[in-house]
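Okay, so here's the structure we're looking at.
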Amino acid sequence: MRLYSASSEETLRARKLLTDWAGEGYLTKAQYQLLEQETVSELRTTNIFLRLVLFLFTVLIVGAAAGLFFVVFLSRPSEQTAGVFSLIFAAVCYAAAEVAVSQARLYRYGIEEALAVCSVGFLCAGMQIALFSGSPYSAKTDAAQSLVPAAGAVFSLWIWRRFGFTYAFFAAMIFVPFLPGYWTFSHSAQHLIVAVFYATGLAGVAAVRARHRSDYLEEDYSLVEAMLWLGIYLAINLQLSSLSLLSFNLPVQWWRVTRATSEFARPFYWGTWVLIWCLPPIVLARGFRQKDRFVIAVGAIAAILTLVCNKPYLGWPRHTWDPILLGILLTAVAIFIRRWLAHHPGGIRHGFTAARLSGKDKHWMNVGSNVVGLVSPQSITPEPQTSNPGVHFGGGHSGGGGASSDF
Amino acid sequence: MNILTRLEQWKEQNKISPEQHAHLAGLSRREPFSVFLELNVLLYAGVLAFVAGLGWTVSTWSKQLGDVLVLTILSAILAACFWYCFSRVSAWSPAETSEPSPIFDYVLYLGSLIWSLELAYLENRFHLLSGRLDFDLLATAVLFFFLAYRFDNRFVLSLGLSSLAGWFGLTISRWSGPQDAAYRQYAILYCLLVGVAGAILQRRGVKPHFFGTYLNVVVNVLFWALLSGVFNREGYGLWFLALLIACAASLAWGLRRRQFAFVAYASVYGYVGVSSMFLRGVSDGTAVLGYFVVTGVAMLVLLVQIGRRFGRPA
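Protein sequence lines, in the order shown, are assigned to chains B and F. Each residue of the first sequence is one higher than the one before, counting from 52 in our numbering. Each residue of the second sequence is one higher than the one before, counting from 12 in our numbering.
The following block contains the structure:
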C-alpha cells in the first residue's frame with residue numbers, strides 16, 4: 052500500500068540518526084563519513100525551507116491552472132459541470148502526486164505533497180458543487196450531505212497510508228467533526244459520535260503500532276496516536292468545543308466563556324467533567340510507559356486544559372490571579388521532576404533523564420527562543436475586567452512587555 | 012533492516028566500538044528517555060502564565076491594592092530574579108557559554124518581563140517620562156541587549172530586538188507627514204543598524220552565535236519594507252531595484268552558507284515583488300492566471316535545480 056519501500060525509509064531514518072549522533076559527538080568524523088556512505092537512499096529529499104517554498108509554488112500553479120482551465124474552456128459552466136471538472140482535477144492531481152513519487156522518487160519534497168493536498172481539496176469541492184450546490188435549506192438533517200466530509204476523511208486517510216504524510220491524518224480528523232452535524236441535531240450525540248470515531252481510530256492505531264517498535268513507522272504512529280488522544284479530549288471537553296474557532300478575540304473569549312449546563316443533559320455534562328479529569332492521567336501514564344514524546348506532550352496539554360476549564364465547568368468565577376497559580380504550578384512541577392531525576396546516580400531514574408541527549412532538542416530550543424522572544428508579551432495578557440473601567444492595560448508594543456501600554 | 016540491526020552489523024564490522032554500540036542502541040530504544048525538551052517547555056509556559064496573570068491582576072486591581080504594594084511586589088520579584096542571575100553567572104566570555112543552572116534562562120526571562128511590566132506601571136501611573144513611551148522602549152531595549160550579551164540568552168536578545176523595533180515605530184508615529192514612507196525609511200534604518208551591529212559583533216567574536224538571530228530579523232524586516240515600497244502607486248522603481256538587489260544578496264548568502272531559509276526568503280519575497288510589478292494594471296483574468304502558471308512553473312524548476320545542485324544528497 053505504501054509508495055515507499057521500507058528499506059528506503061529505514062535508510063533515511065538511519066541517516067538522520069547518524070547526523071544527530073555525529074553532532075552530539077557520539078561518533079567520530081571518520082566514523083560518520085564511513086557510515087554515511089552506507090545510508091545512501093535513492094529517494095530525493097530536500098530541506099524544510101525549500102520544501103515549504105516548493106509546496107507553496109505547487110499549490111499556486113495547480114490553483115492557477117484550474118482557474119485558467121475554467122476561464123478559457125468553460126465560460127459560465129453549470130454547477131454540475133464545474134463539480135465534475137473539479138473531480139477530474141482531483142484525479143489528475145492525485146495521479147501527478149503518484150507519478151512524482153514513483154518516477155522522480157520525491158520524498159517530502161513539497162511538490163508531491165502539494166499535489167496530494169490539492170487532490171483532497173478538489174475532491175471535496177467537486178463533490179459539494181456537483182451533488183449539493185443549490186440544495187434548498189432544510190430544517191431536518193440531511194445525512195446524504197455527510198458524503199462530502201466522509202469522502203474527505205477517507206481520501207485523507209488513504210493519502211496518509213499511501214504517502215505517509217502525517218498531516219493527512221490530521222486532515223482526516225478535521226473532517227470527522229463535520230459528520231455528525233448531518234446526522235443529528237443533538238449536541239450531546241454529536242460530541243459522542245466524534246469521540247467514538249477517534250476512540251475507534253485509537254484502538255486501531257494502538258493495535259498496529261505495537262508491531263513497529265524501533266522501526267521507521269514508530270514516530271509516525273506515535274504522532275497519530277497523540278493526535279487521536281487530543282481529538283478525544285477536545286471532543287469530550289464541552290467548554291473548549293463550545294468556542295468559535297474563528298473568533299478573532301479567542302483567548303479573551305475563551306477565558307470568559309461559560310457553557311450553560313442546560314444545553315446538555317446533566318448526566319452527559321457531568322460525565323464529560325469526570326472524563327476530562329480521568330483522561331490526562333491515562334494519557335500521561337501511557338506516554339511514560341511507552342516512552343512516547345508526543346503522547347506525553349498531549350497528556351500534559353490535556354492536564355493544563357483541564358485545570359483551565361475546571362472553573363467554567365463548575366460554574367465558578369475566574370480570577371485574575373488564576374494564571375499566576377497555574378504558572379507557579381507548572382514551574383514547580385518542572386523543577387521538581389528535574390531535581391527528582393537528577394538526584395539519582397547518573398541522573399537517570401526509571402529509564403528517564405532530564406539531561407539533553409539529542410542535538411535536535413537544542414535546535415528546537417534555539418528556534419523556539421528566537422520565535423517566542425519576538426512575540427509581544429502583551430499578547431498573552433488578557434483584557435482587564437470591566438469591574439475597574441478606569442484602569443486598562445494593553446496596547447504595548449512588541450517586545451516591550453507592554454512597556455508602552457497604558458493603564 | 013531497522014536501526015538496531017544496522018548498529019549490530021556495524022559493531023560486527025568494527026565500524027563502531029562495543030561501547031558506542033551499547034550507547035547508540037540504548038538511545039535508539041530510548042533508554043534512557045530524555046525529558047529535557049518537555050521540562051523546558053513547561054518552564055517557559057509557567058513563566059508566561061505567571062507574568063500574564065500578574066499583568067492582568069495588576070491592571071485590574073491596582074486601585075484596590077495601591078501603588079506602593081504593587082510596586083513593592085514587582086520590585087521584589089525583579090530584584091530576586093536579577094539577584095539570582097548575577098549571583099550565579101560565571102565570568103563573562105565572548106564565546107557561547109552554557110547556562111549555570113537549568114532554570115537560569117527562565118529566571119532571566121521572568122525578570123525581563125517583570126521589568127517591562129513595572130516600567131509600564133510606573134509610566135502610566137506617574138508619567139515619569141511625560142508620556143514619552145518611546146524612551147521606555149529604548150531603555151528596555153538597551154537593558155535587554157545588555158542582559159542578552161551578559162548572560163548569553165537568545166530569549167532576551169529577541170526581546171531586545173523587538174523592543175528596539177518598537178522604539179523606531181513609536182518615534183516615527185509622532186512625526187507629521189506621510190507615515191508609510193517614514194516607517195519604510197526607518198525600517199531600513201533599523202535593518203542597517205541591527206545588521207551592521209550584528210556583523211561587527213560577529214567579526215569581533217562577541218557572541219558570534221547570535222548573528223543568525225540578527226540576520227533573520229533584519230532580512231524579514233527589510234523585505235517587508237522594500238515590498239511596501241514596491242506596492243506604492245508612484246515612485247516604486249527604486250524600491251523595486253532595491254528589492255532585486257536584496258533578493259540577489261539573500262540568495263547568494265543562502266547558497267554560499269547552505270542556509271536555505273535565505274533562499275526561501277529571496278524566492279517568496281522576490282516573487283511577490285516581481286509579480287506585483289508585472290501585474291500592475293492588468294485586469295484580464297486569463298492573463299493573470301496564465302502569468303501565475305508560467306512563472307510558478309519557472310520558479311519550481313529553478314528551485315528544484317537549486318535543491319539538486321546545492322542541497323544534500325539523500
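C-beta atoms are modelled at their ideal positions from N, C-alpha and C, and glycine is treated no differently.
Check: Under a CB-based cut-off of 9 Å, is tyrosine 320 (chain B) close to chain F?; Outcome: no
Check: Following the continuous alpha helix (DSSP H) through asparagine 231 (chain F), name the residue where it begins and the one where it ends.; Outcome: 222-241
Check: Please list, in chain order, the residues of the segment 267-289 of chain F that have any C-beta partner in chain B closer than 7 Å.; Outcome: Phe271, Ala272, Val274, Ala275, Ser278, Val279
Check: CA-CA distance, proline 318 (chain B) and glycine 338 (chain B)?; Outcome: 30 Å
Check: Determine the DSSP secondary structure at arginine 95 (chain B), reduced to helix, strand or coil.; Outcome: strand
Check: Can you tell me whether DSSP reads serine 287 (chain F) as helix, strand or coil?; Outcome: helix
Check: Specify, as a first and last residue, the run of the alpha helix (DSSP H) that asparagine 361 (chain B) falls within.; Outcome: 344-365
Check: Helix, strand or coil for threonine 404 (chain B) per DSSP?; Outcome: strand
Check: Less than 9 Å separating the beta-carbons of serine 174 (chain F) and leucine 140 (chain F)?; Outcome: no
Check: Helix, strand or coil, according to DSSP, for phenylalanine 44 (chain F) in the structure here?; Outcome: strand
Check: Quick check on the DSSP output: what are the complete alpha helix (DSSP H) runs of length 4 or more inside the segment 132-203 of chain B, in order along the chain?; Outcome: 162-178
Check: Against tyrosine 77 (chain B), what residues of chain F qualify as contacts under a CB-to-CB distance less than 8 Å, listed in chain order?; Outcome: Gln31, His34, Leu35, Leu38
Check: Under three-state DSSP, which class holds isoleucine 379 (chain B)?; Outcome: helix
Check: Name, please, each residue of chain B whose Cβ falls closer than 9 Å to the Cβ of phenylalanine 222 (chain F).; Outcome: Ordered by position in chain B, no residue passes the 9 Å Cβ test against phenylalanine 222 (chain F), which lies about 12 Å from the chain.
Check: How about isoleucine 14 (chain F): is its C-beta nearer than 9 Å to some C-beta of chain B?; Outcome: yes
Check: Tell me where the alpha helix (DSSP H) around isoleucine 333 (chain B) begins and ends.; Outcome: 317-341
Check: Hey, does glutamate 49 (chain F) have any beta-carbon neighbour from chain B nearer than 9 Å?; Outcome: yes
Check: Which first and last residues belong to the alpha helix (DSSP H) in which aspartate 147 (chain F) is found?; Outcome: 144-162
Check: Quick one, are the C-beta atoms of leucine 105 (chain B) and valine 279 (chain F) less than 9 Å apart?; Outcome: no
Check: Exposed or buried, arginine 165 (chain F), counting other C-beta atoms within 10 Å across all chains shown (16 or more means buried)?; Outcome: buried
Check: Count the other C-beta atoms from every protein chain shown that fall within 10 angstroms of the C-beta of isoleucine 333 (chain B), then say buried if there are 16 or more, exposed otherwise.; Outcome: exposed
Check: Which residue from B:Pro228, B:Leu268, B:Thr217, B:Leu326 puts its Cα closest to that of methionine 278 (chain B)?; Outcome: B:Thr217
Check: Anything in chain F within Cβ reach of alanine 164 (chain B), meaning under 9 Å, just list it in chain order.; Outcome: The residue asked about is misnamed: residue 164 (chain B) is glutamate in this sequence, not alanine. Going along chain F, no residue has its Cβ under 9 Å from glutamate 164 (chain B), so there is no contact; the nearest lies around 13 Å.
Check: Straight-line CA distance for glutamine 31 (chain F) to threonine 97 (chain B)?; Outcome: 29 Å
Check: Looking at the C-beta of lysine 362 (chain B), does it have a partner C-beta in chain F at a distance below 9 Å?; Outcome: no
Check: Please state if the CB of tyrosine 302 (chain F) and the CB of phenylalanine 234 (chain F) are separated by a distance shorter than 9 Å.; Outcome: no
Check: Rank B:Cys144, B:Gln341, B:Phe226, B:Glu93 by C-alpha distance to the C-alpha of leucine 208 (chain B) and give the top, closest one.; Outcome: B:Phe226
Check: Verify the CB distance criterion: does proline 324 (chain F) have a CB-CB separation below 9 Å to chain B?; Outcome: Low local confidence applies: a pLDDT of 48 at proline 324 (chain F) is under 50, so the model's placement there is unreliable, with the coordinate-based value given in what follows. For proline 324 (chain F), the answer is yes, since a Cβ of chain B falls inside 9 Å of its Cβ.
Check: Compile a chain-ordered list of the residues in the segment 110-125 of chain B whose CB is closer than 7 Å to at least one CB of chain F.; Outcome: Leu111, Ile112, Ala115, Ala116, Gly118, Leu119, Val122, Val123
Check: Mind checking which residues open and close the alpha helix (DSSP H) that includes phenylalanine 236 (chain B)?; Outcome: Careful: phenylalanine 236 (chain B) lies outside any alpha helix (DSSP H) and carries neither H nor E.
Check: Here's the rule I'm using: 16 or more other beta-carbon atoms within 10 Å means buried, otherwise exposed. How should leucine 101 (chain B) be labelled?; Outcome: buried
Check: Would you please verify whether the beta carbon of isoleucine 287 (chain B) is less than 9 Å from any beta carbon of chain F?; Outcome: no
Check: So if DSSP puts isoleucine 399 (chain B) in a beta bridge, which residue, or which two residues, is it bridged to?; Outcome: B:Thr404
Check: Counting C-beta neighbours from all protein chains within 10 Å, is the total for arginine 389 (chain B) 16 or more, i.e. buried, or is it exposed?; Outcome: buried
Check: Strictly below 7 Å CB to CB, what residues from chain F border tryptophan 372 (chain B)?; Outcome: Gly64, Thr68
Check: Quick check on tyrosine 267 (chain B) - is its C-beta less than 9 Å from some C-beta in chain F?; Outcome: yes
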